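Presented below is the structure to which this report refers.
Numbering (the UniProt record's numbering), first residue to last: 1 to 210.
Right, dumping it as structure tokens:
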């Protein structure tokens, strides 16, 4: 019904770990639930006109707008909620935890362990998402221009476990840890390094800057 809205950020409100953007369009304020990742970009563009790509959902007697920073992210959200057992909040949590490219890659490569790192996603749900969307997203990401390299290195189970345990002990949250792993895994030099100490050092360096 609504493809996108173009307007000015009026405010961003948080309620029970959900983030709501009030977007002013022609003197009308629309309340739109957005991923927390998107709020950081919105805060830096508070005085500018922005476009928010939307999904309109009717549930019982509720009318809900979900907003995303681009059409690819919005379309991925729609793919996710088409999977049995995956609701809108779970889909947003997946996007928030992994981001667009890494989430698509995890699904296309069947990385159940990575998918199940999202709060509320168990192994069975992760397997269902990969099973139902793997083929669809493999073609969709080409059409949508989403870059996915299925050959990207992922840390071994042992490196991942030691890395996560160390970062948790240092007080970082699961979301922060997954974001750090997502970023440092793209480092070409680190990809070839089997020493967990280097992974820990790189993760801490990234997290200290964010």
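The C-beta atom is built at its ideal place from N, Cα and C for all residues, glycine as well. As the structure is a computational prediction, the values presented were derived from the model and not from experiment.
Contact set for residue i: own chain, Cβ-Cβ below 6 Å, skip 5 residues either direction
i: residue 92; result: 35
i: residue 178; result: 97 and 117
Sequence-distant residues of its chain with Cβ nearer than 8 Å to residue i (five each side left out)
i: residue 41; result: 69
i: residue 190; result: 184, 198, 199 and 202
Cβ neighbours of residue i in the same chain (closer than 7 Å, five flanking residues each side left out)
i: residue 196; result: 159, 162 and 163
i: residue 49; result: 6, 7 and 8
i: residue 211; result: It is not possible to answer for residue 211, since the shown part of the chain is limited to 1 through 210.
i: residue 88; result: 57, 66 and 81
i: residue 240; result: The structure shown does not extend to residue 240, since the chain spans only 1 to 210, so no value can be given for it.
i: residue 132; result: 83
N- and C-terminal bounds of the beta strand (DSSP E) containing residue i
i: residue 22; result: 18 to 25
i: residue 9; result: 4 to 15
i: residue 31; result: 28 to 34
Coarse secondary structure for residue i, derived from DSSP in three states
i: residue 181; result: helix
i: residue 48; result: coil
i: residue 170; result: coil
i: residue 54; result: strand
i: residue 62; result: strand
Selection from the options that minimises the alpha carbon distance to residue i
i: residue 31; options: 9, 37, 17 and 50; result: 9
i: residue 83; options: 104, 129, 2 and 6; result: 129
i: residue 1; options: 166, 29, 58 and 87; result: 58
Sub-8 Å separation of residue i and residue j beta-carbons
i: residue 21; j: residue 67; result: yes
i: residue 112; j: residue 127; result: yes
i: residue 108; j: residue 134; result: yes
i: residue 55; j: residue 37; result: no
i: residue 65; j: residue 33; result: yes
i: residue 86; j: residue 125; result: yes
i: residue 19; j: residue 53; result: no
Extent of the continuous alpha helix (DSSP H) to which residue i belongs
i: residue 208; result: 196 to 208
i: residue 73; result: 71 to 81
i: residue 105; result: 100 to 108
i: residue 191; result: 188 to 191
i: residue 112; result: 112 to 115
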